[in-house]
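Engineer: Would you mind keeping the following structure in view while I ask a few things?
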Amino acid sequence: MDNEHNQPPDLSKDTNAPSSSDQPRDNGYSPYSSDARFSDDRSNEVGPLKQSKLGIASFIIALVAVVLLVVAFALATANSAEFVDFVAEVEATGGTIATPEQLEAIGGEIIGTLVLIIVCMFGSMGIALVGAILAFIGIFAKNRRKTFAIIGLVLNGLLILGAIGLVIAGLAMGAASGGIS
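So for the sequence shown, UniProt numbering puts the first residue at 1; every next one is plus one.
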């Protein structure tokens, strides 16, 4: 009577064959175990955290916004040089004010460039705002690295603050020259 239930041993069984109690019944899986296979808890994972995808997107958006601003300023610089040359040409011919034909000729060439400059500037501010929102969300993502989200928030924030500063400076210059009353 040496077994668990104080019953006599069964001699008809082969002692070398594995019994049903030696084999796992469920291959190691128990739905009631503490092992949460379908949870979002990743604390048991080994290795470095992955970067936040929203942070990477925010960083790329910030770079695109910077490129759009550089294109806008380059176009504005090239356009202003053409306008200065035109004014110098008008003054060289003895006229102090350009004729309507001259203004129409330069307006046709410059208007497309000015529209492109405006689209680039407002487009860069719009996508910078989207990038800042994505970066803000990426900073609060759990179990993710936040490096790109922080860089994206800083770059997008600087672009937005720079645009606000340019608007304030433009309004101040307009008020100082008497343009706004």
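For every residue, glycine included, the Cβ atom is placed at its ideal position computed from N, Cα and C.
Thinking C-beta only, is SER58 closer than 8 Å to ALA135?
Structural biologist: Residue numbering aside, residue 135 sits at position 135 when the sequence shown is read from its first letter. Residue numbering aside, residue 58 sits at position 58 when the sequence shown is read from its first letter. For ALA135 and SER58, yes; Cβs fall inside 8 Å.
Engineer: Rounded to whole angstroms, what is the Cα-Cα separation between GLU101 and SER80?
Structural biologist: On the sequence shown, position 101 is the one that residue 101 refers to. On the sequence shown, position 80 is the one that residue 80 refers to. Their Cα atoms are separated by approximately 19 Å.
Engineer: Express the C-alpha separation of LEU68 and SER52 in angstroms, rounding to a whole number.
Structural biologist: The sequence position of residue 52 within the sequence shown is 52, counting from 1. The sequence position of residue 68 within the sequence shown is 68, counting from 1. About 25 Å.
Engineer: Does the distance from the C-beta atom of ILE127 to that of VAL70 stay below 8 Å?
Structural biologist: Looking up residue 127 in the sequence shown gives position 127. Looking up residue 70 in the sequence shown gives position 70. For ILE127 and VAL70, no; Cβs fall outside 8 Å.
Engineer: Between ARG144, VAL84, GLY138, LEU166, which has its C-alpha nearest PRO48's C-alpha?
Structural biologist: By 1-based counting over the sequence shown, the position of residue 48 is 48. Of the listed residues, the one whose Cα sits closest to PRO48 is ARG144.
Engineer: With which residues is GLN51 paired in a DSSP beta bridge?
Structural biologist: Stepping through the sequence shown from its first residue, residue 51 is reached at position 51. The partner list for GLN51 (beta bridge, DSSP) reads ARG145.
Engineer: Our contact map puts ALA132 next to GLY157 with C-beta atoms below 8 Å; I'd like the distance itself, whole angstroms only.
Structural biologist: One-based indexing of the sequence shown puts residue 132 at position 132. One-based indexing of the sequence shown puts residue 157 at position 157. Their Cβ separation, rounded to whole angstroms, is 6 Å, which keeps ALA132 and GLY157 in contact under 8 Å.
Engineer: Can the beta-carbon of ILE56 be found less than 8 Å from the beta-carbon of PHE148?
Structural biologist: Position 56 of the sequence shown holds residue 56. Position 148 of the sequence shown holds residue 148. Their beta carbons are under 8 Å apart, which means ILE56 touches PHE148 by this criterion.
Engineer: Does DSSP classify PHE113 as helix, strand or coil?
Structural biologist: One-based indexing of the sequence shown puts residue 113 at position 113. Contrary to the premise, residue 113 reads as Thr rather than Phe in this sequence. Looking at THR113 - three-state DSSP - the assignment turns out to be helix.
Engineer: Are the Cβ atoms of MET125 and LEU159 separated by less than 8 Å?
Structural biologist: As a working mapping, residue 125 is identified with position 125 in the sequence shown. As a working mapping, residue 159 is identified with position 159 in the sequence shown. Cβ atoms of MET125 and LEU159: closer than 8 Å.
Engineer: Determine the burial state of GLY138: buried for a count of at least 16 other Cβ atoms within 10 Å of its Cβ, exposed for fewer.
Structural biologist: The count along the sequence shown starts at 1 and reaches residue 138 at position 138. Buried, because 16 or more other Cβ atoms sit within 10 Å of the Cβ of GLY138.
Engineer: Hey, how far is the Cα of GLY170 from the Cα of LYS50?
Structural biologist: Counted from its first residue, the sequence shown places residue 170 at position 170. Counted from its first residue, the sequence shown places residue 50 at position 50. For GLY170 and LYS50, the distance between alpha carbons rounds to 43 Å.
Engineer: Determine the contact status of ALA141 and LEU54, defining contact as a CB-CB distance below 8 Å.
Structural biologist: For this step, residue 141 is matched to residue 141 along the sequence shown. For this step, residue 54 is matched to residue 54 along the sequence shown. Yes, the Cβ-Cβ distance between ALA141 and LEU54 is below 8 Å.
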